[in-house]
Amino acid sequence: MMMMVEDLGIEAKESAVREVAKLLPVRELLVSISSIKADYIARQQANDAQLSTMVAEQVEQAQAGLKALAASQKAVNHLRENFINTSRLCKECQTLIENHDQIKLLSNARNNLNTTLKDVEGMLSISVEAAAAKDSLRDDKELINTYEVMIDFQAAMKKGLAEPASEIGLEPLCAMINNNLRCYDLAMELASSIIEALSENYAEQVNFDDTCKGFLEVAKEAIHQTVIFIFDDPGAQELLVKLYHKEWSEGQITESLVETFDDYYKDVQMFIEERSYKRFVDTCLEETVIAYVDHLLAQKNYIKEETIERMILDEEILMDFFKKHTSVKNVENRLRILVDLRELASAESPDTFTLVYTHILEHQPDCPPEVVERLVGLREGIPRKDAKEVCILPNLEFENWVGLLLVLHAKTGNLITG
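Residue numbers (full-length UniProt numbering): 1 to 418.
This is the structure:
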């Protein structure tokens with residue numbers, strides 16, 4: 001068995017020699033074996049070095065990947081925390097939205113509390129100030145100086161009201177309304193005492209009644225500025241410029257405008273005293289009517305049947321809104337000019353035109369002829385010359401007026417056509 005193994009080994013060796021002899025049949029090739037070996041070793045070393053470099057790069061990339069994964073995990077955790085916070089804030093915002101009215105009431109209560117604290121501080125100093133005031137009543141010059149807190153004070157407030165309403169702000173304007181009404185009440189109480197204390201010589205130099213009424217004038221101007229603040233609101237301005245245009249005819253303007261008014265009215269009603277609120281509403285109604293009249297006369301589209309129908313809807317919407325805040329009769333009186341202009345624009349006979357025009361002159365005697373000329377000129381089928389002739393009516397006696405209308409009717413066949 002041992003001999004067999006040895007024989008096999010010898011045979012394998014000889015076979016290998018024969019194979020090498022075949023590969024290296026020439027003797028000179030044997031000499032190149034060392035160089036081949038050296039080249040192999042060099043290539044193997046190069047391959048090892050390249051492999052080591054690639055492995056190192058892969059390790060670095062793997063490490064960078066692990067760091068990126070760790071950073072991503074951290075970012076995901078942070079994002080998850082942000083989502084949780086966002087969800088919590090959304091719930092809080094939902095609560096704030098649902099309780100907006102209560103929060104506003106609390107805010108107003110806080111403001112009122114601050115005002116009350118200031119009033120209490122003022123009350124604590126009344127005894128000192130009362131003593132000083134009592135002493136001043138014995139001095140005519142001091143009394144005259146007092147007459148001159150109120151004129152100067154009113155002038156300072158009027159100067160403040162000359163600033164744009166948007167820069168003053170809604171709450172400061174409302175506070176100015178309340179303060180001036182209270183100043184009026186206090187001044188009226190003080191006036192009789194001052195007049196009695198003044199000597200006859202000085203009493204003839206002052207007019208406390210007019211000075212006291214000056215506070216009412218300032219309050220009235222502050223109310224007007226409050227209305228201007230609302231009309232200067234960008235949202236309200238955007239709506240007003242579209243009056244009597246396409247969006248208006250589609251019912252997108254007047255409805256939205258009264259919604260804007262309603263939002264402001266809720267705030268103003270909480271901010272100012274009841275006795276001022278009615279004047280505020282009346283002033284706002286008056287400004288609304290002026291805005292509608294101005295835009296009606298300024299627009300360049302012909303007045304058609306659908307225009308008249310939309311004007312009627314406007315009157316109804318404005319009536320429904322304003323009658324919630326003031327008397328129906330008051331709203332009717334102030335909207336009367338819109339009704340008259342609409343009826344004038346839709347008049348289809350001389351008699352109707354005469355009746356409506358007469359009614360306008362009765363209530364608006366200073367209505368310029370240009371208004372009527374502009375309105376008549378907006379009706380389709382009315383020659384410009386005839387529109388001008390109609391507008392000279394206010395300068396005629398009533399009989400000549402009717403006669404001119406009849407002449408125009410005979411010339412055109414129909415003074416104002418639909």
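The C-beta atom is built at its ideal place from N, Cα and C for all residues, glycine as well.
According to DSSP, is residue i part of a helix, a strand, or is it coil?
| i | result |
| --- | --- |
| ILE303 | strand |
| ALA327 | According to the sequence displayed, residue 327 carries Ser and not Ala. The answer is coil: DSSP assigns SER327 none of H, G, I, E or B. |
| HIS245 | coil |
| MET319 | helix |
| ASP150 | The sequence as given places Met at residue 150; Asp does not occur at that position. Coil. |
| GLY160 | helix |
| ASP48 | helix |
| LEU396 | No answer about LEU396 holds up, because its pLDDT of 47 lies below 50 and its placement is not dependable. |
| MET123 | Residue placement at MET123 is poorly supported in this model, since its pLDDT is 48, which falls under 50; the coordinates are not used for a value here. |
| PRO365 | coil |
| TRP370 | For the sequence presented, residue 370 should be read as Glu rather than Trp. Looking at GLU370 - three-state DSSP - the assignment turns out to be helix. |
| ILE272 | coil |
When DSSP builds the beta bridges, which residues end up paired with residue i?
| i | result |
| --- | --- |
| ARG279 | Answer is none; ARG279 lacks a bridge partner. |
| ARG379 | ILE303 |
Let me know if residue i comes out buried or exposed under the rule of 16 or more other beta-carbons within 10 Å of its beta-carbon.
| i | result |
| --- | --- |
| ASN414 | With a pLDDT of only 45 at ASN414, under 50, the local geometry of the prediction cannot be trusted, and the value read off the model is given with reservation. Answer is exposed; the Cβ neighbour count stays below 16. |
| TYR302 | exposed |
| ALA219 | buried |
| THR354 | buried |
| LEU296 | buried |
| ASP282 | buried |
| LEU239 | buried |
| SER52 | exposed |
| LYS246 | exposed |
| LEU181 | buried |
| ILE253 | buried |
| HIS325 | buried |
| CYS183 | buried |
| ASP48 | exposed |
| ALA347 | buried |
| PHE398 | Note that PHE398 scores 44 on pLDDT, short of 50, meaning its location in the model is unreliable; the coordinates nonetheless yield the value given after this. Flag for PHE398 reads exposed. |
| LEU378 | buried |
| VAL76 | exposed |
| MET319 | exposed |
| PRO168 | At residue 168 the sequence reads Ile, which differs from the Pro that was named. Counting Cβ neighbours within 10 Å, ILE168 comes out buried, since at least 16 surround it. |
| THR54 | Contrary to the premise, residue 54 reads as Met rather than Thr in this sequence. Exposed, because fewer than 16 other Cβ atoms sit within 10 Å of the Cβ of MET54. |
| VAL59 | exposed |
Please state if the CB of residue j and the CB of residue i are separated by a distance shorter than 8 Å.
| i | j | result |
| --- | --- | --- |
| ARG310 | SER249 | yes |
| PHE280 | VAL227 | yes |
| TYR292 | LEU338 | yes |
| ALA165 | GLN225 | yes |
| ILE308 | ARG342 | yes |
| GLU274 | ASN178 | no |
| MET176 | CYS212 | no |
| PHE229 | LEU173 | yes |
| LEU285 | VAL356 | no |
| PHE208 | ALA191 | yes |
| PHE231 | GLU287 | yes |
| GLN299 | TYR265 | no |
| LEU335 | LEU375 | no |
| LEU161 | GLU217 | no |
| LEU170 | ASP263 | no |
| SER276 | ILE223 | yes |
Which residue comes first and which comes last in the alpha helix (DSSP H) that contains residue i?
| i | result |
| --- | --- |
| PRO234 | 234-240 |
| ILE228 | 208-231 |
| GLU250 | First-last for GLU250: undefined, no H or E at that position. |
| GLU348 | GLU348 -> no alpha helix (DSSP H), and no H or E assigned at all. |
| ILE168 | 165-168 |
Within the present structure, is the beta-carbon of residue i separated from the nearest heavy atom of the ligand COA by less than 7 Å?
| i | result |
| --- | --- |
| LEU335 | This structure simply doesn't include the ligand COA, nor any ligand for that matter. |
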